[in-house]
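Chemist:
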Amino acid sequence: MSGLLFFWFSWMAWVILTFIMPKNEYRTELSCWLLLIIITSNLYFSFSGITLTVVVFVLLMGGGIWMIKLKRTIAHSLYSFVVMIAFASAQLWEANLPILYINPIFKITPFVLVIIIFFLTKQIQGQLIIGIIGMTFGDILFQYILYGYGLSVDIGGMEFLDELLLTIVLISLLHILVRIRNKIVSIIFNHHLTRWQNE
Numbered sequence: 001m002s003g004l005l006f007f008w009f010s011w012m013a014w015v016i017l018t019f020i021m022p023k024n025e026y027r028t029e030l031s032c033w034l035l036l037i038i039i040t041s042n043l044y045f046s047f048s049g050i051t052l053t054v055v056v057f058v059l060l061m062g063g064g065i066w067m068i069k070l071k072r073t074i075a076h077s078l079y080s081f082v083v084m085i086a087f088a089s090a091q092l093w094e095a096n097l098p099i100l101y102i103n104p105i106f107k108i109t110p111f112v113l114v115i116i117i118f119f120l121t122k123q124i125q126g127q128l129i130i131g132i133i134g135m136t137f138g139d140i141l142f143q144y145i146l147y148g149y150g151l152s153v154d155i156g157g158m159e160f161l162d163e164l165l166l167t168i169v170l171i172s173l174l175h176i177l178v179r180i181r182n183k184i185v186s187i188i189f190n191h192h193l194t195r196w197q198n199e
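Mapping the sequence shown onto this note's numbering, position 165 (from 1) lands on 165, and the numbers just tick up by one.
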């Protein structure tokens, strides 16, 4: 089951980016970055009980470039730090959550992070980038804590990628729902405005 959500959502997103989105430089950069993430998700190297996936570097490099292109870089860096702490804390809490022994698929971290991210910034690009960078650094921090207890760690593993993609999908779905709601409110408002003008 581990990695299934990541591959399913990422390939679906890549197809949408490549074949459905309007052709522009932004779309090309994003689809190339996503394809590179998919390719490097199974490349890793191990040393001293640490398994480090190459996708971690791809996420951080691409995320860093994207963050620099956005305005308010310092603010987004601070927001990413908040998400990093939240992700590492949620992972530590989930590690001791009894329900995960019964149902290991049950994960609440993405839902908690989406709520936090929505409070931090309203722009979707900012939300996605602080989610990606914050969660990646959060996974590094969480695995470092585990390594301190003498456990073997997997930085950027499939479980992390599943949670990352689920968080991105939830953020995107919430933005779609907000846009639909705003459109409905606008239609209703215009309808009532037209009625009042006619009266």
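Where is the CB? At the ideal position from N, CA and C, for every residue including glycine.
1) Roughly how many whole angstroms lie between the Cα atoms of Leu170 and Pro110?
2) How many angstroms separate the CA atom of Thr136 from the CA atom of Ala95?
3) Lys107: buried (16+ other C-beta within 10 angstroms of its C-beta) or exposed?
4) Here's a check: name, in chain order, each residue in its chain whose Cβ is nearer than 8 Å to the Cβ of Phe142, leaving out the five neighbours to either side.
5) Here's the rule: buried if 16 or more other CB atoms are within 10 angstroms of the residue's CB, otherwise exposed. What is Ile115?
6) Would you list the one or two residues that DSSP bridges to Tyr44?
7) How long is the line joining the alpha carbons of Leu166 and Val112, rounded to whole angstroms?
8) Would you check if the distance between the CB atom of Phe6 and the CB atom of Asp162 is smaller than 8 Å?
9) Among Phe189, Ile140, Gly150, Ile129, which residue has its Cα nearest to the Cα of Gly49?
10) So, are the CB atoms of Trp14 and Leu35 less than 8 Å apart?
11) Would you mind working out which of Phe47, Leu52, Leu30 sits nearest Thr40, comparing C-alpha positions?
12) At the 8 Å Cβ level, is Leu52 part of the contact set with chain D, yes or no?
13) Counting along the chain, where does the alpha helix (DSSP H) carrying Ile108 start and finish?
14) Buried or exposed, going by whether 16 or more other CB atoms sit within 10 Å of the CB of Gln123?
15) Pull up the distance between the alpha-carbon of Thr18 and that of Phe160, whole angstroms please.
16) Got a sec, what are the start and stop residues for the alpha helix (DSSP H) Ile85 sits in?
Modeler: The answer reads as follows:
1) 8 Å
2) 18 Å
3) buried
4) Phe87, Ala88, Gln91, Leu92
5) exposed
6) Thr53
7) 12 Å
8) yes
9) Gly150
10) yes
11) Leu52
12) The structure shown contains no chain D, having only a single protein chain.
13) Taken as a continuous stretch (DSSP letters only), Ile108 belongs to no alpha helix (DSSP H), as it is neither H nor E.
14) exposed
15) 25 Å
16) 73–95
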